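Position 13 (the sequence shown) corresponds to 176 in the numbering used here; numbering is contiguous.
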Amino acid sequence: MCAETDDGLCCRLTKACPKEPEPIPFKEIEVKRLEIALTKKLGQGQFGEVWAGKVRSSLLSIHAD
């Protein structure tokens, strides 16, 4: 079947291939340790501690090892 077509494809493409998504610019989402304010320890376990805290005025739970 491939030999029958002159473009070398086994089947005709029906739509364009999807483009690669743009990579996430990690420099923009990195947080410096000085920007993190730990407010209350929520718990601890084998893999570290979990704290409530603020980063850039957002309330978050933060894993600290």
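Glycine included, each C-beta is placed from N, C-alpha and C at the ideal position.
Keep in mind the model is a prediction, meaning the values are calculated, not measured.
Check each candidate in the options and name the one with the smallest Cα separation from residue i.
i, options, result
"A215", "A179, G208, Q207, S224", "S224"
"H226", "G208, P186, K182", "G208"
"V218", "I199, L205, K204, A179", "I199"
"D228", "I192, V213, L222", "V213"
"K203", "E185, P186, L222", "L222"
Identify the continuous beta strand (DSSP E) that holds residue i and give its terminal residues.
i, result
"S220", "Note, S220: premise wrong, no beta strand (DSSP E); not H, not E."
Using a Cβ cut-off of 8 Å (strictly closer), state whether residue i contacts chain D.
i, result
"D228", "This model lacks chain D altogether; it includes just one protein chain."
Residue ranges of each alpha helix (DSSP H) within the stretch 164 to 213, 4 or longer: 189 to 192
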